[in-house]
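The opening position of the sequence shown corresponds to residue -5 in our numbering, with each subsequent residue numbered one higher.
No residue lacks a Cβ here, since even glycine has one placed at the ideal position from N, Cα and C.
None of these values were measured; they are calculated from a predicted model.
For reference, the structure is listed below as structure tokens.
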Amino acid sequence: MKPKETNCETVFKKDRYEDLYKTFTWKVPTYYNFGFDVVDQWAEDRTKLALISIDPTGEKARYHTFYDLKVQSNQFANVLRKQGIKKGDRVLVILQSIPEWYIALIGMFKLGVVAMPGTVLLTAKDIEYRVNRSEACMVLT
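Here it is, written out as structure tokens:
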């Protein structure tokens, strides 16, 4: 069967691809912070859904907007700041896949902290190795 022809010009057409390949450049901003440049931007619409979480029973769903993530990640960043955590510090994060995981990481991004996510299956030896090797100043569990 012969592929259907279209009038649509796509990047998959060889002649168009070659032009794009030759002229393409990444537009990378000088300063970029996922917390501010993505989450806070999307939070301008206070109703924009970011994630849905399900309680441990599997019965109840919670809906989290980008605005919720913005407010709570700002609060968490301020908690870290009050604890003396600053830009460039490394923090090991060992949490289940819960909304607080996102809040913690986004708050760390906003503060400039290097978040090091770790699975809850890490052993004591694994945690000790990661903390010592990275010189983490905090472990969040």
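Nearest neighbour of phenylalanine 60 by Cα position, chosen from Ala37, Gly82 and Tyr96, turns out to be Ala37.
Taking 7 Å as the cut-off, the Cβ atoms of threonine 135 and isoleucine 88 count as close. Of the residues assessed, serine 91 falls on the exposed side of the cut-off, its CB having fewer than 16 other CB atoms within 10 angstroms. One alpha carbon belongs to phenylalanine 70, the other to proline 23, and they sit about 26 Å apart. Collapsing the DSSP output to three states places valine 65 in a helix. When secondary structure is reduced to three states using DSSP, threonine 17 falls in the helix class.
In the DSSP assignment, valine 125 falls within the alpha helix (DSSP H) that extends over 118 to 128.
Contact between the stretch 64 to 84 and the stretch 122 to 131 is present, with at least three C-beta pairs closer than 8 Å. Here lysine 104 is buried, its C-beta having at least 16 other C-beta atoms within 10 Å. By the Cβ-count criterion, aspartate 31 is exposed, with fewer than 16 other Cβ atoms from all chains shown falling within 10 Å of its own Cβ. Shown here for aspartate 34: same chain residues with a beta carbon closer than 6 Å to its own, the five before and five after excluded, namely Lys64 in chain order. Annotation: the continuous beta strand (DSSP E) that includes isoleucine 48 extends over 43 to 48. In the DSSP assignment, the residues bridged to glycine 112 are Ile88.
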